[in-house]
Amino acid sequence: MEPRFGYGSRHHTDPVPGAPALALQALTVRYPTAPEPALREVTLSIERGQRVALVGPNGAGKSTLLKAVAGLLTPMSGRVWIYGNPVGACHHRVAYLPQRGEIAWDFPITLHRLVMTGRYAHLGWLRRPGAADRALVDVTLAALRLNDLADRQISELSGGQQQRALLARALVQESDLLLLDEPLNAVDVETQAVVRAAKADLRAAGKTLVVATHDWARLEEDFDVVLRLEGGRVLPVRERELACVG
478 MEPRFGYGSR HHTDPVPGAP ALALQALTVR YPTAPEPALR EVTLSIERGQ RVALVGPNGA
538 GKSTLLKAVA GLLTPMSGRV WIYGNPVGAC HHRVAYLPQR GEIAWDFPIT LHRLVMTGRY
598 AHLGWLRRPG AADRALVDVT LAALRLNDLA DRQISELSGG QQQRALLARA LVQESDLLLL
658 DEPLNAVDVE TQAVVRAAKA DLRAAGKTLV VATHDWARLE EDFDVVLRLE GGRVLPVRER
718 ELACVG
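In the numbering used here, the protein residues as written are 478 to 723.
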């Protein structure tokens, strides 16, 4: 189960008409050193434009599910369809925002260059960014209040600025399905406001969001569907249960 990066051979397959944004069928994922699967026969369907929250305790499988959909983990069994196509059929259609702790922030790269890597799904690894790519990065940095830091090394950013940098990288990919892993975990008030504003803009644009979150206080306000993960299985959380789960 190793990460796969397919930007060198770009594929741009059209969505299947009428297909949901994301569908999983009996998806099972196990890490090589783990005795038990992290996900167990998960089946679900997420419609286009929905905002879906993944909740549950640490180790329940939230990050594993997002990574499997992003194509970073290979399932033991089961299937993943994205707009009716298998994982990897169109790299630019899915953007993944990892947890901040998974990034090597001491890597010698500027904020602007980090965000530009979000364009690789369109460019591939060898094609150089053009004026339109640079303009999109500049506009996105300004929208997330990061434009004054564009030339700063990412190691010099605060935790909240790093989180906004990862969001900017996901946004410039111009994807239809966004997978966000704990985007508001341990960030400052300004970053919380900026991230929520970006999520509102994505909703207005008809994008589909799947967000792992611990922010129970805003579930009903920020999401259309809440799915609870427990022991690697996904269970729907009904509205009347929101007050007593968490």
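Yeah, the Cβ is synthetic: ideal placement off N, Cα and C, and Gly gets one too.
In the three-state DSSP reduction, Gln669 falls in the helix class (H, G or I). As DSSP reads the structure, Ala663 sits in no beta bridge. At the C-beta level, Tyr573 and Leu613 stay beyond 8 angstroms of one another. Sorting Glu513, Asn535 and Ala496 by C-alpha distance to the C-alpha of Leu521 places Ala496 at the top. Judged by DSSP secondary structure, Arg517 falls within the beta strand (DSSP E) whose first and last residues are Leu516 to Ile523. Closest in C-alpha terms to Ala503, from the list Pro512, Asp491 and Arg517, comes Arg517. Counting along the chain, no alpha helix (DSSP H) covers Val529; the unbroken beta strand (DSSP E) around it starts and ends at Arg528 to Val532. In the three-state reduction of the DSSP assignment, Ile559 falls in the strand class, which pools E and B.
Of the candidates Ala530, Leu588 and Leu712, the residue whose Cα lies closest to the Cα of Asn624 is Leu588.
When C-alpha distances from Ser632 are compared across Met553, Ala511, Ile580 and His599, the shortest belongs to Ile580. For Thr668, the closest of Gly555, His691, Arg641 and Ser652 by C-alpha to C-alpha distance is Arg641. The C-alpha of Asp628 is placed about 30 angstroms away from the C-alpha of Ala689. In this structure the segment 646-660 lies against the segment 536-550, because at least three pairs of beta carbons, one per stretch, are closer than 8 angstroms. Linking Ala620 to Thr510 through their CA atoms gives a straight-line distance of about 42 angstroms. Between Gly561 and Val493, the C-beta spacing is below 8 angstroms.
Secondary structure at Thr551: coil, using DSSP grouped into helix, strand and coil.
Minimum Cα-Cα distance from His489 among the listed residues Leu600, Gln638, Leu531 and Arg525 corresponds to Leu600.
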